Structures are given as C-alpha cells and as structure tokens.
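End of the sequence shown sits at 56 in the UniProt record's numbering; the numbers just go up one at a time, nothing left out.
Quick reminder that beta carbons are idealized off the backbone N, C-alpha and C, glycines included.
Computed from a predicted structure; not experimentally measured.
For reference, the structure is listed below as structure tokens.
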Amino acid sequence: WLENTAGLNYEENQFVVGTPSASVAEYLDKNQRSLIEKTLSEITDRNIKVYFEVHT
C-alpha cells in the first residue's frame with residue numbers, strides 16, 4: 001500500500017503523504033496511520049501526525 005506514495009511535506013510535526021488515489025489514501029488512513037505515526041514518532045522523538053492526500 002505504500003508503493004507509489006511520497007512524502008510531500010513535513011512541517012510542525014505534521015507529515016503529509018501523497019497517494020496515487022483516494023482509495024489508497026482512505027485505506028492508509030484507516031488501517032496504517034497509527035502504525036506509521038508511532039514509527040515516525042519513535043524515530044524522531046516527536047509526536048508526529050500523518051495525513052494522506054491524493055497526489056498524482
């Protein structure tokens with residue numbers, strides 16, 4: 001599901017991930033967001049929030 005995604009922006013502990021379609025964004029938000037946020041927060045020692053948006 002992360003294939004063909006890209007980091008679009010990181011600002012003030014908010015990380016925006018571009019996805020190829022709305023269905024991928026919805027799936028990642030519903031099923032993977034918490035794991036991704038936890039992993040990024042552990043790596044950076046910051047409270048990271050992740051957002052997904054369609055980016056073609």
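Annotation: the continuous beta strand (DSSP E) that includes residue 8 extends over 6 to 11. Going by C-alpha positions, residue 19 is about 7 Å away from residue 6.
Residue environment analysis places residue 50 among the buried positions, since at least 16 neighbouring C-beta atoms fall within 10 angstroms of its C-beta.
DSSP places residue 56 in no alpha helix (DSSP H); its state is neither H nor E.
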